[in-house]
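Residue numbers (this note's numbering), protein chains in the order written: chain S, 317 to 577; chain Y, 317 to 577; chain C, 317 to 577.
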């Protein structure tokens, strides 16, 4: 009983229109009716592993202890890519072994054990070729939540797949980063960690636009790009009460240049 | 106590913007605070009973046993259309008698009893003319979940309304079906059951485009349409890692032609 | 124990894509794992306090008794605007003091006490400058749900900020209102209360279009605007089975003119 898990968080690219997510929840509740779900996002860009990994990173540390985190961004569904369970000090992560868990795997001190999911006793009776979220990942998560031990799901995985996440490049006179995510408000999230913002920074440009360094959203100048330490650990560019992305026509991948003194 | 129901699934065309669904949940929780909800979809196309019926069919069998399934796609709200409860071996279905429950009604061995909802003791005190989801269906679902017996809600319904769902047509040399749904990924769901895919199939066309027969999403050819046995029981046409609908400009209603040997 | 609160409703402009809401829920469940959430809307128009206030008004009275209602529409996040808790006979309201709670504040007989949230013992350890939903409002709501007494959160607020919500204007021969919200169906919600529809009303115009007075959605004429008593207390203009907004190109702010006899 001690080992029972109550919370399952969900990140998928399934959208909210087609019923995929509700059906997965139904499958899990049939196995463990005491589960509670936390929807993080079902609007990961279709098939975009980098976007999925970004969402995984964002939510790390904010889910209840020991939660099962189900991440189904799975362009290779039905191919040989492995379904895996990653056990960490923070909780469990279940999904395809395609790199979407890179932020979890990079946090090495927290990693405990990785298993390939091969034991089909934990799958639905019929496994379709294109909805493993329902047929494999959901029932596996529910069985794991009931306290099944990890080694029953399959063999140890030694080399899980990691994405090559873009990191900022350091030069003598500047740091070169880029926009890696644009949120609902049109805020531009960079790949430059907040702690790179030191005394040595002189000016910051997003493409050709200078960014005013401020300490809060409300502190931005009207109609001018501003930059601040973002809530998810990375510098974030915004336009006071407007969409920076729309008004300045800035897309994912745009270069961000931090000029040093 | 035995008869208490814990889960209510929800399918509506209310969207997630206007607060309709949250307000319905609030109404239900005021009556039965132990309820748990499973949102299947709130993005059924406005007023589209066929789309609603499709979503009902998709989720059949995947919800927890005895769940109450609330379906509010209700273009005739405020008119004489009857609110009904359908009791089946799988659970209860509550919504308007407008055909949206056709897949439930066609599964005749599971049907137990159908009641018109007429007893306004189970409604909110004030019933508006245009939000029966809140004023009738939600409180009825919550009272039913508390174990109220079916006959208290109203009289038996003998002839519930069924939609005429399009079925594929058989010829000597071909089967003619059509695209009945397009999902978030741009996958094209046909009305041709998976089990029609026999040795006798020679070629499959979607409009003028030939579809390669494959066994999994990952197995598709790049830039060419593929077809496989879909997870919901119907043949499904897709484009590997892209939207088949967008790239080939295919809409709902497009003809699908299965040429036989 | 008696004082524990189970339900937290949520209204935000965070959207459902970026994970903001799921992360807030994770934060709350870490503090009180027994909480249950009711999502009202996360698609309030970005930074639009009037839209947020409208959503607050819509849901008033429909949430479980004593629920905590968390409303994060917060264009001034990170500035001097105060975080507040409003205690009423219906439940608690937590969010920024920027007018989004105007409908709660106007219901004076229900108001009990308003507190500024200043005690950072209830915040996350690190408070970012741009995600107070996660760092301040969510943990405060969770601690309040555990039965913490209101005076521990901060000092009494005497003059909370109210928005100037547009009210209809009365003339001798007409009432002048406007469209204040357009829902998912394209229905046009006016700011004219249902009870203004008396014997003295002769004709109603939305811009240049006459609106037929009907008693239910289904009662509308095809292709002609109709008006009825809306489910949220205000007159509502609709187009039978179509979007009135799209077909007649009517936007928020459009004048509605009620001609009197």
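Where a beta carbon is used, it is the ideal one built from N, C-alpha and C, also for glycine.
Cα-Cα separation between residue i and residue j, rounded to whole angstroms
i: residue 383 of chain C; j: residue 322 of chain C; result: 7 angstroms
i: residue 340 of chain C; j: residue 497 of chain C; result: 27 angstroms
i: residue 360 of chain C; j: residue 437 of chain C; result: 30 angstroms
i: residue 381 of chain C; j: residue 354 of chain S; result: 23 angstroms
i: residue 560 of chain Y; j: residue 504 of chain Y; result: 7 angstroms
i: residue 485 of chain Y; j: residue 345 of chain C; result: 53 angstroms
i: residue 587 of chain S; j: residue 495 of chain C; result: Since the displayed chain S opens at 317 and closes at 577, residue 587 of chain S lies outside it and no answer follows.
i: residue 317 of chain S; j: residue 350 of chain S; result: Here the model assigns residue 317 of chain S a pLDDT of 43, short of 50, so the residue's position is not dependable and the matter cannot be decided.
i: residue 435 of chain C; j: residue 470 of chain C; result: 6 angstroms
i: residue 577 of chain Y; j: residue 538 of chain Y; result: 27 angstroms
i: residue 426 of chain C; j: residue 483 of chain C; result: 22 angstroms
i: residue 367 of chain C; j: residue 453 of chain C; result: 20 angstroms
i: residue 264 of chain C; j: residue 370 of chain C; result: Lying outside 317 to 577, the shown extent of chain C, residue 264 of chain C is not represented and no answer is given.
i: residue 399 of chain S; j: residue 418 of chain S; result: 15 angstroms
i: residue 263 of chain C; j: residue 404 of chain C; result: Absent from the model: residue 263 of chain C. The displayed extent of chain C is 317 to 577, so no value can be given.
i: residue 428 of chain S; j: residue 474 of chain S; result: 12 angstroms
i: residue 481 of chain Y; j: residue 422 of chain Y; result: 11 angstroms
i: residue 575 of chain S; j: residue 516 of chain S; result: 9 angstroms
i: residue 528 of chain S; j: residue 500 of chain S; result: 21 angstroms
i: residue 549 of chain Y; j: residue 391 of chain Y; result: 28 angstroms
i: residue 544 of chain C; j: residue 440 of chain Y; result: 19 angstroms
i: residue 568 of chain C; j: residue 523 of chain Y; result: 42 angstroms
i: residue 343 of chain S; j: residue 502 of chain S; result: 36 angstroms
Cβ neighbour criterion (16 or more within 10 Å) applied to residue i
i: residue 324 of chain S; result: buried
i: residue 377 of chain C; result: exposed
i: residue 634 of chain S; result: Since the first and last residues shown for chain S are 317 and 577, residue 634 of chain S lies out of range.
i: residue 542 of chain S; result: buried
i: residue 448 of chain Y; result: buried
i: residue 465 of chain Y; result: exposed
i: residue 472 of chain Y; result: exposed
i: residue 571 of chain S; result: exposed
i: residue 488 of chain S; result: exposed
i: residue 413 of chain C; result: buried
i: residue 396 of chain C; result: exposed
i: residue 511 of chain S; result: exposed
i: residue 518 of chain C; result: exposed
Delimiting residues of the beta strand (DSSP E) encompassing residue i
i: residue 345 of chain C; result: No beta strand (DSSP E) holds residue 345 of chain C; the alpha helix (DSSP H) holding it covers 336-347.
i: residue 490 of chain S; result: 490-498
i: residue 383 of chain S; result: 383-388
i: residue 328 of chain Y; result: 323-328
i: residue 507 of chain S; result: 504-509
i: residue 574 of chain S; result: 571-576
i: residue 542 of chain S; result: 541-545
i: residue 359 of chain C; result: From DSSP, residue 359 of chain C is part of no beta strand (DSSP E); its letter is neither H nor E.
Cross-strand partners of residue i (DSSP beta bridge)
i: residue 430 of chain C; result: C/402
i: residue 550 of chain C; result: C/509
i: residue 466 of chain Y; result: DSSP output for residue 466 of chain Y lists no bridge partner at all.
i: residue 517 of chain S; result: S/576
i: residue 435 of chain C; result: In DSSP, residue 435 of chain C forms no bridge with anything.
i: residue 472 of chain Y; result: Y/431
Start and end residues, alpha helix (DSSP H) containing residue i
i: residue 407 of chain S; result: Premise fails: residue 407 of chain S lies in the beta strand (DSSP E), 407-412, not in any alpha helix (DSSP H).
i: residue 418 of chain S; result: 418-422
i: residue 351 of chain C; result: First-last for residue 351 of chain C: undefined, no H or E at that position.
i: residue 373 of chain C; result: 365-375
i: residue 391 of chain S; result: First-last for residue 391 of chain S: undefined, no H or E at that position.
i: residue 456 of chain C; result: 454-461
i: residue 531 of chain C; result: Here residue 531 of chain C belongs to no alpha helix (DSSP H), and DSSP marks it neither H nor E.
Cβ separation of residue i and residue j, assumed to be a contact under 8 angstroms, to the nearest whole Å
i: residue 507 of chain S; j: residue 564 of chain S; result: Actually they are not in contact, since the Cβ atoms of residue 507 of chain S and residue 564 of chain S sit about 18 angstroms apart, beyond 8 angstroms.
i: residue 357 of chain Y; j: residue 402 of chain Y; result: Their Cβ separation, rounded to whole angstroms, is 19 angstroms, which puts residue 357 of chain Y and residue 402 of chain Y out of contact at 8 angstroms.
i: residue 410 of chain S; j: residue 456 of chain S; result: 6 angstroms
i: residue 389 of chain S; j: residue 329 of chain S; result: 5 angstroms
i: residue 320 of chain S; j: residue 463 of chain S; result: 5 angstroms
i: residue 535 of chain C; j: residue 479 of chain C; result: Contact flag wrong, Cβ pair sits at about 34 angstroms.
i: residue 546 of chain Y; j: residue 446 of chain S; result: 7 angstroms
i: residue 490 of chain C; j: residue 573 of chain C; result: 6 angstroms
i: residue 338 of chain Y; j: residue 375 of chain C; result: 7 angstroms
i: residue 393 of chain Y; j: residue 533 of chain C; result: 5 angstroms
Scan the segment 455-466 of chain C for residues whose Cβ lies nearer than 8 angstroms to a Cβ of chain A and list them as they occur along the chain. The structure shown contains no chain A; the protein chains it does contain are S, Y and C.
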